[in-house]
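To start, the structure itself, in structure tokens.
Residue numbers (the numbering used here): 2 to 91.
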């Protein structure tokens with residue numbers, strides 16, 4: 002778990018660098034489990050960290066689908082830049 006915490010910490014710092022003061026959600030997906038059954042010891046976990054930068058409007062409320070105005074490529078580029086800038090600072 003130390004490695005997961007370290008990765009999450011770096012990701013949150015990069016998000017804060019790229020989007021100062023933005024709210025964000027963290028979702029932890031666990032492996033499927035049969036109700037009442039044992040926890041899967043070797044299942045895959047996934048952590049999603051995503052900023053909440055757009056306002057929710059009619060389409061989002063009606064469909065539950067969020068529209069992002071920033072392309073994934075641009076978002077990835079900005080986060081990489083923010084992460085590398087943060088890594089270089091003391």
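Glycine residues also receive a C-beta, built at the ideal position from the N, C-alpha and C atoms.
Decide if residue 19 is buried, meaning its Cβ has at least 16 other Cβ atoms within 10 Å, or exposed. Residue mapping note: residue 19 aligns to position 18 of the chain shown, counting from 1. Buried, since its Cβ has 16 or more Cβ neighbours within 10 Å.
What residue range does the alpha helix (DSSP H) around residue 5 cover? Stepping through the chain shown from its first residue, residue 5 is reached at position 4. Start and end: 3–19.
Strictly under 7 Å for the Cβ-Cβ distance: is residue 9 near chain B by that measure? Absence of chain B from the displayed structure is noted, only one protein chain being present.
Measuring CA to CA, which of 58, 4, 9, 2 is closest to residue 51? Here residue 51 refers to the residue found at position 50 when the chain shown is read from its first residue. Nearest of 58, 4, 9, 2 to residue 51, Cα basis: 9.
Can you tell me whether DSSP reads residue 47 as helix, strand or coil? As a working mapping, residue 47 is identified with position 46 in the chain shown. Note: residue 47 maps to strand in three-state DSSP.
Mind checking whether residue 80 and residue 15 have CB atoms under 7 Å apart? For the purposes of this step, residue 80 is taken as residue 79 along the chain shown, with counting starting at 1. For the purposes of this step, residue 15 is taken as residue 14 along the chain shown, with counting starting at 1. Yes, these two residues count as a Cβ contact at 7 Å.
Whole-number beta carbon distance between residue 29 and residue 13, since they are thought to touch under 8 Å: What you label residue 13 is simply residue 12 of the chain shown in a count that begins at 1. What you label residue 29 is simply residue 28 of the chain shown in a count that begins at 1. In fact, because the Cβ distance is near 14 Å, the residues do not count as touching under 8 Å.
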